[in-house]
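Asker: Protein chains in written order, with the working numbering: chain A, 1 to 280; chain D, 281 to 560.
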DNA sequence: ACAGAAAAGTAGTTTTACTATTTCCCGATC
DNA sequence: GATCGGGAAATAGTAAAACTACTTTTCTGT
């Protein structure tokens with residue numbers, strides 16, 4: 001993404017700098033959190049460098065001076081930006097659970113924003129929109145995702161159903177016919193049941209839209225793939241974050257369909273609960 | 281929450297300050313982006329205030345001085361420069377739908393991180409953990425949230441059920457007895473059915489944990505409130521964002537319960553799907 | 001109305017960021 | 001091989017910034 005962190009730019013510029021400025025760069029990279037609380041004098045001393053050199057170093061990156069540099073450095077350090085998954089461990093306080101959970105979710109969405117390909121969403125939305133019926137398939141905890149999708153598509157007046165459970169899924173997939181779409185959610189794209197469902201649905205003439213990992217077996221047997229990069233081993237531990245992106249994709253699909261079908265307030269549609277329930 | 285955005289803290293402290301410091305506070309709130317590039321002298325002049333007053337103002341919030349204050353201010357405004365919700369409009373391209381959806385979600389989580397009170401999560405988790413059975417109630421699109429909660433609590437081996445539909449909900453709520461907990465999800469806290477369910481459950485001896493807006497009718501009839509600030513009119517249009525925070529709360533509850541009950545890998549629990557499904 | 005405390009301001013000191021100029025280092029040139 | 005030249009860095013100096021100690025003003029309560 002275009003929002004290159006300042007620290008990365010320092011790394012890139014490294015070879016184009018003289019030795020004194022390199023020492024500066026190394027120190028800033030190593031202790032950015034310290035630097036923002038240091039004066040120019042202290043920093044220059046720490047790196048065996050004179051303070052006009054610090055000045056030149058800052059200007060090199062397009063800043064007006066040291067102050068301006070420090071401010072931007074501070075902003076690029078802010079926890080939410082490009083930062084790692086924080087594992088939750090047994091001793092954690094409630095407060096840190098709250099913080100870590102939220103931050104991990106932020107992290108997940110940020111990654112999604114960088115990785116998602118709008119074109120895939122577009123293709124998926126087009127197929128879904130043209131379908132006469134949509135079967136929504138998932139297993140395990142992704143079932144909730146399927147139910148969520150069902151709710152939202154039905155709001156748009158579309159014919160669809162979340163199909164849960166092995167036997168039911170088989171029944172529906174084998175009865176597939178042209179003009180229908182099978183929408184499949186799978187984290188890894190390696191789940192046997194889902195791959196077989198995709199194949200069954202296609203042999204009946206239906207199209208398959210999968211929200212799953214790129215380069216997975218499921219991706220290869222789908223007509224349209226919406227690639228959601230799964231999390232590597234460490235990050236797999238996070239329960240919400242991994243599923244969050246699937247919900248995001250659903251929302252993007254729903255909104256896209258609403259937009260292209262000419263709704264005036266595309267993002268209002270799924271929020272109509274208020275009409276159906278009595279309030280006091 | 282301790283990670284309260286600086287601007288919010290300024291707002292909270294407003295009444296405890298003298299008129300000069302109030303002028304400062306107002307200016308900082310109005311032009312935070314300007315302030316971070318101003319010197320103390322310029323700021324004090326702009327607010328008709330002497331510069332030791334600026335000093336005192338900064339120290340009031342626990343900072344060492346003006347510099348330190350500016351640094352933290354800069355960090356607190358980094359995330360999405362203006363916190364504004366970006367409405368999706370009919371003409372939007374797929375790409376901007378993707379971007380806006382993701383950014384609105386980020387925005388929602390960030391707000392949750394600032395507003396959520398860990399103590400409420402803690403109280404909620406405690407009650408849920410001690411319950412002999414948990415009834416999970418919701419209507420409309422929040423039903424998905426209820427199902428999600430059911431899935432996750434069951435992973436922990438807890439006895440619970442998502443109760444969907446008016447009549448079923450009545451049956452269950454009226455049969456409530458001590459040691460049971462009713463877990464209620466409601467965006468506004470004004471839904472009649474939910475309030476009545478809460479009252480019914482309590483009169484049967486059960487405790488009520490609500491995830492809803494503070495100061496709402498539902499909040500007032502609950503034993504434990506987990507306050508999730510609802511979105512004002514403009515932001516109500518966002519379908520995912522408003523519900524997202526309820527999912528976050530569920531996750532925090534599940535993790536908290538897992539931690540306090542001594543699980544070794546608290547954040548791994550809800551990710552055990554792999555055990556149940558065949559992979560290829 | 002007046003004592004006492006809180007709030008804000010004045011004046012002064014130290015530190016800081018930044019500038020202008022000079023020195024050093026190193027490779028190419030005659 | 002001394003010299004010239006150009007980039008990299010340092011020295012020295014300045015204006016302004018941040019911070020402190022102290023004084024004055026403005027409330028508040030008896």
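We put the CB at the ideal spot given by N, CA and C, even for glycine.
Exposed or buried, what is residue 237(A) when buried is set at 16 or more other beta-carbons lying within 10 Å of its beta-carbon?
Answerer: Low confidence applies to residue 237(A): its pLDDT is 42, below 50, so where it sits in the model is not reliable enough to give any reading.
Asker: Could you work out which residues of chain A lie near residue 308(D), taking near to mean beta carbons separated by less than 9 Å?
Answerer: Those within 9 Å of residue 308(D) in chain A number zero; the least Cβ separation is about 15 Å.
Asker: Can you look up residue 344(D) in the DSSP assignment and give me helix, strand or coil?
Answerer: Coil.
Asker: Determine contact between the segment 404-411 of chain D and the segment 118-132 of chain A, defined as no fewer than three beta-carbon pairs at a distance below 8 Å.
Answerer: Short answer: they don't touch.
Asker: Excluding the five sequence neighbours on either side, which residues of its own chain have a C-beta within less than 8 Å of the C-beta of residue 315(D), listed in chain order?
Answerer: The answer, listed in chain order, is 307, 308, 323, 350, 353.
Asker: Looking at C-alpha atoms only, which residue of 297(D), 372(D), 422(D), 490(D) is the closest neighbour of residue 259(A)?
Answerer: Of the candidates 297(D), 372(D), 422(D), 490(D), the one whose C-alpha sits nearest the C-alpha of residue 259(A) is 372(D).
Asker: Count the other C-beta atoms from every protein chain shown that fall within 10 angstroms of the C-beta of residue 386(D), then say buried if there are 16 or more, exposed otherwise.
Answerer: So residue 386(D) counts as buried.
Asker: Quick check on the burial criterion: 16 or more other C-beta atoms within 10 angstroms. Buried or exposed for residue 541(D)?
Answerer: Looking at its Cβ environment, which holds fewer than 16 other Cβ atoms inside 10 Å, residue 541(D) is exposed.
Asker: Let's see if you can read the secondary structure: which residues bound the beta strand (DSSP E) around residue 229(A)?
Answerer: No beta strand (DSSP E) holds residue 229(A); DSSP gives it neither H nor E.
Asker: For the 8 Å Cβ check, are there 3 or more pairs between the segment 435-443 of chain D and the segment 379-395 of chain D?
Answerer: Result no; under three Cβ-Cβ pairs closer than 8 Å.
Asker: Using only the alpha-carbon positions, how far apart do residue 87(A) and residue 529(D) sit?
Answerer: One C-alpha to the other measures close to 17 Å.
Asker: Does the segment 162-182 of chain A come close enough to the segment 211-218 of chain A to have 3 or more Cβ pairs within less than 8 Å?
Answerer: Result no; under three Cβ-Cβ pairs closer than 8 Å.
Asker: So residue 489(D) and residue 475(D) are supposed to be a Cβ contact under 8 Å. How far apart are they, rounded?
Answerer: Going by Cβ atoms, the distance from residue 489(D) to residue 475(D) rounds to 14 Å, so no, they are not a contact pair.
Asker: Taking DSSP as the reference, what is the three-state secondary structure of residue 7(A)?
Answerer: Residue state, collapsed to three classes: helix.
Asker: Is the distance from the Cβ of residue 415(D) to the Cβ of residue 378(D) below 8 Å?
Answerer: No, the Cβ-Cβ distance between residue 415(D) and residue 378(D) is not below 8 Å.
Asker: So, for residue 246(A): in the same chain, excluding its five sequence neighbours on each side, which residues have a beta-carbon less than 6 Å away from its beta-carbon?
Answerer: These residues qualify, in order along the chain: 145, 185, 211.
Asker: Along the chain, where does the beta strand (DSSP E) that runs through residue 207(A) open and close?
Answerer: Residue 207(A) -> beta strand (DSSP E) spans 207-212.
Asker: Looking only at C-alpha atoms, which of 535(D), 504(D), 536(D), 293(D) sits nearest to residue 400(D)?
Answerer: That would be 504(D), whose Cα lies nearest to the Cα of residue 400(D).
Asker: Determine, using beta carbons only, whether residue 462(D) and residue 417(D) come nearer to each other than 8 Å.
Answerer: Yes, the pair counts as a contact, with Cβ atoms nearer than the cut-off.
Asker: CB residue 300(D) to CB residue 333(D), shorter than 8 Å?
Answerer: Contact: yes.
Asker: For residue 330(D), does the count of other Cβ atoms within 10 angstroms reach 16, so buried, or fall short, so exposed?
Answerer: Under this definition residue 330(D) is an exposed residue.
Asker: Quick check: residue 286(D) and residue 356(D), are their CB atoms within less than 8 Å of each other?
Answerer: Result yes, Cβ atoms of residue 286(D) and residue 356(D) sit closer than 8 Å.
Asker: Answer with yes or no whether the minimum CB distance from residue 14(A) to chain D is below 8 Å.
Answerer: Taking Cβ atoms only, chain D never reaches closer than 8 Å to residue 14(A), which makes this a no.
Asker: Based on Cα-Cα distance, which residue from 508(D), 536(D), 347(D) lies nearest to residue 321(D)?
Answerer: Considering only alpha carbons, the answer is 347(D).
Asker: Name the chain A residues that come within less than 7 Å of residue 535(D), Cβ to Cβ?
Answerer: 88, 97, 101, listed in chain order.
Asker: Assuming residue 188(A) contacts residue 230(A) under a Cβ cut-off of 8 Å, what Cβ separation, rounded to an integer in Å, is found between them?
Answerer: 6 Å between Cβ atoms; contact.
Asker: Could you list which residues in chain D have their beta carbon closer than 8 Å to that of residue 151(A), in chain order?
Answerer: Ordered by position in chain D, the residues that pass the 8 Å Cβ test against residue 151(A) are 421, 423, 424.
Asker: Please list the partners that residue 528(D) has in chain A, where partner means a Cβ-to-Cβ separation under 8 Å.
Answerer: Correct list: 101, 102, 105, 240.
Asker: What does residue 316(D) reach in chain A if we use C-beta pairs closer than 8 Å?
Answerer: Chain A residues near residue 316(D): 71.
Asker: For the alpha helix (DSSP H) that residue 443(D) lies in, which residues bound it at each end?
Answerer: First-last for residue 443(D): 440-443, but that is the beta strand (DSSP E), not the alpha helix (DSSP H).
Asker: Taking the alpha-carbon positions, what's the residue 101(A) to residue 419(D) distance?
Answerer: Near 26 Å, if we compare the C-alpha coordinates of residue 419(D) and residue 101(A).
Asker: With 16 as the cutoff for other CB atoms within 10 Å, does residue 179(A) come out buried or exposed?
Answerer: Counting Cβ neighbours within 10 Å, residue 179(A) comes out exposed, since fewer than 16 surround it.
Asker: Can you list the residues of chain A that residue 402(D) reaches, using a CB-CB cut of under 8 Å?
Answerer: Under the 8 Å cutoff, chain A gives 94.
Asker: Closer than 9 Å by beta-carbon distance: list the chain A residues that pair up with residue 398(D), in chain order.
Answerer: Within chain A, the residues near residue 398(D) are 93, 94, 95, 96, 97, 98, 99.
Asker: Please state whether the Cβ-Cβ distance between residue 523(D) and residue 422(D) is less than 8 Å.
Answerer: Yes, they are a contact pair.
Asker: Can you tell which of 32(A), 251(A), 177(A) has the C-alpha that lies nearest to the C-alpha of residue 203(A)?
Answerer: Checking every option, the nearest Cα to that of residue 203(A) belongs to 177(A).
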